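Notes to accompany the following structure.
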Amino acid sequence: MNKYLAEFIGTFWLVFGGCGSAIFAAAFPELGIGFAGVALAFGLTVLTGAFALGHISGGHFNPAVSVGLWVGGRFNAKDLAPYIIAQVIGGILAAFVLRDSQELVDSPAMALINVHLLALPRLPSLIQHEVLLWLYLLKQQH
1 MNKYLAEFIG TFWLVFGGCG SAIFAAAFPE LGIGFAGVAL AFGLTVLTGA
51 FALGHISGGH FNPAVSVGLW VGGRFNAKDL APYIIAQVIG GILAAFVLRD
101 SQELVDSPAM ALINVHLLAL PRLPSLIQHE VLLWLYLLKQ QH
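Take UniProt numbering: the final residue in the sequence shown is number 142, and no numbers are missing along the way.
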């Protein structure tokens, strides 16, 4: 895996896990994950992304981090634009996945399905679990 793909995946994971938890907290306030849960989700996504992909790309996962490292002389200028492009595309793709997930939940066809059987509030957790497992297995191969 190259470093640009690692940044794409890491940024996707950060936006999907962090922003997904914020959407979840807003959609289901009765479950009470609140601000602390959202903060914990962001922290855990950075932690897991850095653990799984940091050895490949440095684990920036944010254009501000890449620019800051470049300004500080700790990052090569030739890698700056590709890193930022990979990060922006990863973040945008994660936002589209989150948006499309909400449209699935709100669709009229969902009225015909027993939501308790599907456990849709747990669907993001299932997806996160699968991504985490995949990242862990990827790390074990290197």
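Glycine included, every Cβ here is placed at the ideal spot set by N, Cα and C. Remember, it's a predicted structure, so these values are computed and weren't measured experimentally.
Reduced DSSP secondary structure (H/G/I, E/B, other) of residue i
i, result
"residue 99", "helix"
"residue 33", "coil"
"residue 42", "helix"
"residue 28", "coil"
"residue 17", "helix"
Cβ distance (whole Å) where residue i is taken to contact residue j below 8 Å
i, j, result
"residue 21", "residue 38", "5 Å"
"residue 145", "residue 68", "With the chain represented from 1 up to 142, any question about residue 145 goes unanswered, as that position is not in the structure."
Where the alpha helix (DSSP H) containing residue i begins and where it ends
i, result
"residue 12", "3-14"
Practice prompt. Could I get the ranges of all uninterrupted alpha helix (DSSP H) runs contained in the segment 46-105, with 4 residues as the minimum, in chain order?
Written response: 63-71
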